[in-house]
Amino acid sequence: MKKRITQRLLISLICSGLFLSCKFSKEKETNEETPDQPIALQVVQKGIENSGTMEKWKNIASLQYTKKSRLLFENGEVESDITQRHHYIYRPNKSIRISWSVDKDSFLIVHTDSTSQKFKNDSLVDQGAKVRATVNSATYVLGMPFKLLDKGTVLTYDGLKSFNATDTVHAVKATYAPERHQNHSTQDEWWYHFDKNAGTFVGSMVYHAPTYALIENLSMITEKGLTFPKHRKSYRCDSDGTKVFLRAEFWYSDYSIEFLNK
Numbered sequence: 035m036k037k038r039i040t041q042r043l044l045i046s047l048i049c050s051g052l053f054l055s056c057k058f059s060k061e062k063e064t065n066e067e068t069p070d071q072p073i074a075l076q077v078v079q080k081g082i083e084n085s086g087t088m089e090k091w092k093n094i095a096s097l098q099y100t101k102k103s104r105l106l107f108e109n110g111e112v113e114s115d116i117t118q119r120h121h122y123i124y125r126p127n128k129s130i131r132i133s134w135s136v137d138k139d140s141f142l143i144v145h146t147d148s149t150s151q152k153f154k155n156d157s158l159v160d161q162g163a164k165v166r167a168t169v170n171s172a173t174y175v176l177g178m179p180f181k182l183l184d185k186g187t188v189l190t191y192d193g194l195k196s197f198n199a200t201d202t203v204h205a206v207k208a209t210y211a212p213e214r215h216q217n218h219s220t221q222d223e224w225w226y227h228f229d230k231n232a233g234t235f236v237g238s239m240v241y242h243a244p245t246y247a248l249i250e251n252l253s254m255i256t257e258k259g260l261t262f263p264k265h266r267k268s269y270r271c272d273s274d275g276t277k278v279f280l281r282a283e284f285w286y287s288d289y290s291i292e293f294l295n296k
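The numbering used here applies: residue 35 is where the sequence shown begins, and numbers increase by one.
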């Protein structure tokens with residue numbers, strides 16, 4: 035009788051181990067795990083709560099907005115000043131269009147699940163990975179902090195940091211693998227900063243070898259229950275986040291959102 039109970043216990047433990055192993059493997063398929071990932075996820079999820087809900091984000095059918103970008107040289111002179119119109123159709127089938135003009139030339143990027151093309155004055159001038167990376171970067175910035183939960187993103191809690199010399203923030207490091215995930219646009223290392231108390235997403239820092247950049251979310255706008263950037267500044271900075279000079283400034287406006295289920 036004792037032997038039979040021991041055998042049952044052994045079988046039970048083996049089955050439990052197999053279940054946990056299978057569960058762990060499935061989780062690994064969708065999210066890279068790190069020892070302190072639970073803390074990083076808690077910070078990100080609080081940031082998402084402050085920006086809307088994941089359910090609402092995943093229910094977006096289409097999104098349009100205008101983005102004005104100004105790049106500056108170190109001496110303050112303007113390198114470029116461009117205004118783009120972004121039109122994203124997420125569901126049921128992805129279709130992204132980004133259009134703008136420079137002097138007398140018109141530009142258009144068209145992206146779907148199967149193709150990524152760039153046109154200049156209606157003539158194809160580029161296609162493939164480089165254009166796809168441009169689209170991924172644009173959609174990723176707009177989707178913060180929701181996009182931090184995208185497949186393949188490795189999140190690590192990097193502790194409390196000083197941000198912009200005045201605020202204390204939770205820093206979450208994110209690394210990407212574009213060679214393994216088409217939805218990733220960069221191998222750069224990013225640190226996303228969330229207010230220590232409120233949990234709001236306040237900015238980020240990126241290491242794009244050999245330089246660092248510090249990005250501040252100066253103001254946000256809420257449209258139909260979701261929060262998006264309104265005004266951002268990007269500074270060339272040192273590895274500790276100390277600003278060197280203003281590199282870029284961005285303005286977002288004219289948001290228009292449609293949901294799948296109204």
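Note that beta-carbon positions come from the ideal geometry of N, C-alpha and C, so glycine has one too. Remember, predicted model here, so these are calculated numbers, not experimental data.
Cβ pair residue i, residue j closer than 8 Å
i: K101; j: F284; result: yes
i: L260; j: R125; result: no
i: F26; j: I82; result: Since the first residue of the chain shown is 35 and the last is 296, residue 26 is not available in this structure.
i: H227; j: A211; result: no
i: L194; j: K138; result: no
i: E257; j: Y286; result: no
i: Y122; j: T173; result: yes
i: Q161; j: S148; result: no
i: R203; j: V159; result: Note that residue 203 is Val in the sequence shown, not Arg. Contact: no.
i: W224; j: D192; result: no
i: L176; j: L182; result: no
C-beta neighbour in chain D for residue i, strict 8 Å
i: P244; result: The structure shown has no chain D; it contains just one protein chain.
Own chain, CB closer than 6 Å to residue i, minus 5 neighbours either side, in chain order
i: T187; result: A208
i: A199; result: none
i: L142; result: S133, F153
i: L105; result: E113, S114, A282
i: Y26; result: Since the displayed the chain opens at 35 and closes at 296, residue 26 lies outside it and no answer follows.
i: T117; result: K102
i: V136; result: none
i: S96; result: I123, E292
Same chain, Cβ closer than 7 Å to residue i, neighbours up to 5 away in sequence not counted
i: M254; result: T261, F262, P263, K264
i: H120; result: Q98, Y99, K101, I132, A172
Sequence-distant residues of its chain with Cβ nearer than 8 Å to residue i (five each side left out)
i: F107; result: E113
i: K267; result: I249, E250, L252, L280, A282, E283, F284
i: T146; result: N127, K128, S129, I130
i: K277; result: L248, Y269, R270, C271
Residues bridged to residue i [DSSP beta-bridge criterion]
i: F180; result: According to DSSP, which records beta bridges pairwise, F180 is partnered with nothing at all.
i: A208; result: L189, W224
i: S171; result: According to DSSP, S171 bridges with nothing at all.
i: K152; result: I143, D160
i: V278; result: Beta-bridge pairing links V278 to no other residue.
i: T202; result: S196
i: S133; result: R119, L142
i: R270; result: A247, F279
Across the region 111–120 and the region 74–81, are there enough close Cβ pairs to call them in contact, namely three or more that are closer than 8 Å?
The region 111–120 is not in contact with the region 74–81.
May I have a chain-ordered list of the beta strand (DSSP E) segments no shorter than 3 residues that lie completely inside the region 224–268?
DSSP runs (the beta strand (DSSP E)) wholly in the region 224–268: 235–242, 245–257.
Identify every run of the alpha helix (DSSP H) within the region 72–125, keeping only runs that are complete inside it and at least 4 residues long; order them along the chain.
DSSP assignment within the region 72–125 yields the following whole alpha helix (DSSP H) runs of 4 residues or more, N-terminal first: 88–92.
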